[in-house]
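Participant: Start counting the sequence shown at 701; every next residue gets the next number (the working numbering).
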Amino acid sequence: MNMLRTSSSCDPVLPCLALAWALGLAASVAQPLPGWALMWLLAFAIFCASKIATWGIERKLEAGAPGAVDLAYLLLWPGMDPRPFWKHGNGAASRAALGAWVEAALKVALGFVLICSAAGQLAGAYPLAAGWAGMVGLMLILHFGTFDLLAHAWRAAGVPVEPLMNQPLLASSLSEFWNERWNRGFRDTARSVVFRPLARRWNPAAALACVFLASGLIHELVVTVPAGSGYGGPTAYFLLQGLGLHLERRAFGRAPVALRALARRGFALLVLLAPLPLLFPPAFPREVILPFLAWSGLL
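Structure (structure tokens):
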């Protein structure tokens, strides 16, 4: 993960993250909620804290007073890099090809098909499979579909944002997957809030380990806490990803060129997919995702 970039200290913003997490947990204790509602509450609290943190850190480096574009970043974009909004008007609008709009819309449609058809048919006899179909469907609707459509719209308006997901299935290595293709929103948050300050204080390797640890703890909040089981699994999963990056650099850096690309891709698939049950314990798709889909009327 190439995250290091000069920045001023972000220490004043870190309490915002802790406060948002504490408020979400306190709300869940004060008024018991269904697992799916607790998941969305905690996810929203973390999202808002990340927005405030990334905006506050980058705003220190930007000349001029906050304006309407800051509100657009905070309220109308799911990404975590405000700098494209400050470039608004400095360059020509970038219109996505019709095929890109159609592709994003098809992803939304496929997500609804997975939820309404596959998950609906499997829910009675195979609730675990139905829950997984529902999870994939929700990601297609939001992360791969709706957020892509929103990125195309902002780029057409002259704001050079990057889509949150960058065709992750095309990743040629574990490093490329996490640094360039999967969830750029978290990547940008981790770079600003965790990696850069810790890399200056310690070293990049230790900072990167802390990034994966932070990711594991966040997923504990939004996965295992609502599910009520599987504690420690998400943290173990992301620590394995950090270890996988270390091994990838050491094992394949000197491999023959002809084998390097194939070996890296195979290794990435193994590290990403084999420990996936650690990230999502069975109770999460069964007892969090399916009840949410039923409540929303999609099942």
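Think of the CB as a built atom: it goes at the ideal place given N, C-alpha and C, for glycine as much as any other residue.
Between L921 and I746, how many whole angstroms is the CB-CB distance? I'm expecting something under 8 Å.
Facilitator: Within the sequence shown, numbered from 1, the residue matching residue 921 stands at position 221. Within the sequence shown, numbered from 1, the residue matching residue 746 stands at position 46. Sure, about 7 Å apart at Cβ, within 8 Å.
Participant: Identify, in the order they occur along the chain, each residue of the same chain with its Cβ nearer than 8 Å to the Cβ of A833, setting aside the five sequence neighbours on each side.
Facilitator: Taking the first residue of the sequence shown as 1, we reach residue 833 at position 133. Excluding residues within five positions, the ones whose Cβ falls inside 8 Å are L814, I815, A818, A819 and L822.
Participant: Are there 16 or more other CB atoms within 10 angstroms of the CB of V911, so buried, or fewer, so exposed?
Facilitator: Mapped onto the sequence shown, residue 911 falls at position 211. V911 is buried by the Cβ-count criterion.
Participant: Does the beta-carbon of Y687 have 16 or more other beta-carbons within 10 angstroms, so that it is buried, or is it exposed?
Facilitator: Because residue 687 is not part of the residues shown, which for the chain are 701 to 999, the question remains open.
Participant: Using the C-alpha atoms, what's the distance from P868 back to L998?
Facilitator: Here residue 998 is taken as the residue at index 298 of the sequence shown, counted from 1. Here residue 868 is taken as the residue at index 168 of the sequence shown, counted from 1. When rounded, the distance between both Cα atoms is 27 Å.
Participant: Drop a sphere of 10 angstroms on the beta-carbon of W929, count the other beta-carbons inside from all chains shown, and report buried for 16 or more, exposed for fewer.
Facilitator: Sequence index remark: in the sequence shown, residue 929 carries index 229 (1-based). What sits at residue 929 in the sequence shown is Ser, not Trp. Exposed, by the Cβ-count rule.
Participant: Is M839 helix, strand or coil when you go by DSSP?
Facilitator: The residue labelled residue 839 in the question sits at position 139 within the sequence shown. M839 falls in the helix class under three-state DSSP.
Participant: Mapping DSSP to helix, strand and coil, what is W777?
Facilitator: Translated into positions along the sequence shown, residue 777 becomes position 77. Coil, per DSSP.
Participant: Give me the Cα-Cα distance between R964 and N866, rounded to the nearest whole angstrom.
Facilitator: By 1-based counting over the sequence shown, the position of residue 964 is 264. By 1-based counting over the sequence shown, the position of residue 866 is 166. Computed Cα separation, rounded: 18 Å.
Participant: Taking just the CA atoms, how far does W801 sit from P934?
Facilitator: By 1-based counting over the sequence shown, the position of residue 934 is 234. By 1-based counting over the sequence shown, the position of residue 801 is 101. One C-alpha to the other measures close to 34 Å.
Participant: Quick one: grab the DSSP three-state call for F980.
Facilitator: As a first step, residue 980 must be located in the sequence shown, where it is residue number 280. F980: coil per DSSP, three-state reduction.
Participant: Do G944 and A909 count as a contact pair if the criterion is CB distance below 7 Å?
Facilitator: Counted from its first residue, the sequence shown places residue 909 at position 209. Counted from its first residue, the sequence shown places residue 944 at position 244. It is not a contact, given that the beta carbons lie outside the stated cut-off.
Participant: Run through DSSP, which three-state label would L733 get?
Facilitator: In the sequence shown, the residue the question calls residue 733 occupies position 33. Note: L733 maps to coil in three-state DSSP.
Participant: Taking the straight line between their C-alpha atoms, what separation do you get for F992 and A951?
Facilitator: On the sequence shown, position 292 is the one that residue 992 refers to. On the sequence shown, position 251 is the one that residue 951 refers to. Those two C-alpha atoms are separated by around 43 Å.
Participant: By how many angstroms is the C-alpha of H852 removed from the C-alpha of A805?
Facilitator: As a first step, residue 805 is located in the sequence shown; it is residue number 105 there, counting from the start. As a first step, residue 852 is located in the sequence shown; it is residue number 152 there, counting from the start. Taking the straight line from one Cα to the other gives about 11 Å.
Participant: From which residue to which residue does the alpha helix (DSSP H) around G916 run?
Facilitator: Locating residue 916 in the sequence shown gives position 216, counting from the first residue. Looking at the DSSP string, the run of the alpha helix (DSSP H) that includes G916 is P904 to H919.
Participant: Are the beta-carbon atoms belonging to G811 and L840 less than 7 Å from one another?
Facilitator: Here the question's residue 811 lines up with position 111 in the sequence shown. Here the question's residue 840 lines up with position 140 in the sequence shown. The answer is yes: Cβ separation under 7 Å.
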